[in-house]
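J.: Under the working numbering, the residues of the sequence shown are numbered 253 to 381, in order.
Ideal placement from N, C-alpha and C gives every residue a C-beta, glycine not left out.
Just so we're clear, the structure is a prediction, and the values are computed from it rather than from any experiment.
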Amino acid sequence: KREWSCSGMGVRVCDAASLAPGGAGERWARAALRRDGVVTVEPVLDLLAEYSAEWIDGELCGVSRFEAPHMRWSATLLNQEPRPAAPLEEELFEFVFRRRAVEAALDPLDVPATCGSRTCGVDCAIVGA
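Take a look at the structure:
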């Protein structure tokens, strides 16, 4: 990912061959390094669902689900109780919205103090094995 990438812009998925000397991924990374001075490398994960937690004035407002097909943000679902259509969706709904497990995991991290702003957010993902 390029520095300041967002909503899928500035992101490039590379395989080992493209990162070989002279490969397309290597050329892209070199150009990004020249332009920004930094790139971020992350593993490609099997994303089952993506969520965002938001704080305003240090108070957790809750967790919302967002959709990002093909790594491009397309929608944020706020205050909508999704109607699970499949067993996995029901399991995710139970984990995130009924058990509030994402909020419980984030609570001890004191995210506003960590990020230096009392109004901030964290993107989270549920990934497959």
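Which runs of the alpha helix (DSSP H) at least 4 residues long sit entirely within the region 270-307? Give them in chain order.
T.: 276-288
J.: Runs of 4 residues minimum, wholly inside the region 354-380: which ones carry the alpha helix (DSSP H) assignment?
T.: 363-367
J.: Looking only at C-alpha atoms, which of Arg-254, Ser-326, Ala-377 sits nearest to Tyr-285?
T.: The sequence shown places Leu at residue 285, rather than the Tyr named in the question. When each option's Cα is compared against that of Leu-285, the closest is Arg-254.
J.: Which whole-angstrom value is the C-beta distance of Ala-301 and Val-315, which I expect to be below 8 Å?
T.: At roughly 11 Å, the Cβ-Cβ gap does not stay under 8 Å, so Ala-301 and Val-315 are not in contact.
J.: Among Asp-359, Leu-271, Thr-328, which residue has its Cα nearest to the Cα of Arg-317?
T.: Thr-328
J.: Of the choices Leu-297, Arg-287, Arg-264, Gly-289, whose alpha-carbon is the least far from that of Gly-277?
T.: Looking at the Cα atoms, Arg-264 is the closest of the given residues.
J.: Beta carbon of Ala-381, beta carbon of Leu-297: below 8 Å?
T.: Going by C-beta atoms, Ala-381 is not nearer than 8 Å to Leu-297.
J.: Are Gly-310 and Pro-364 touching if we call contact CB-CB under 8 Å?
T.: Note that the C-beta distance between Gly-310 and Pro-364 is below 8 Å.
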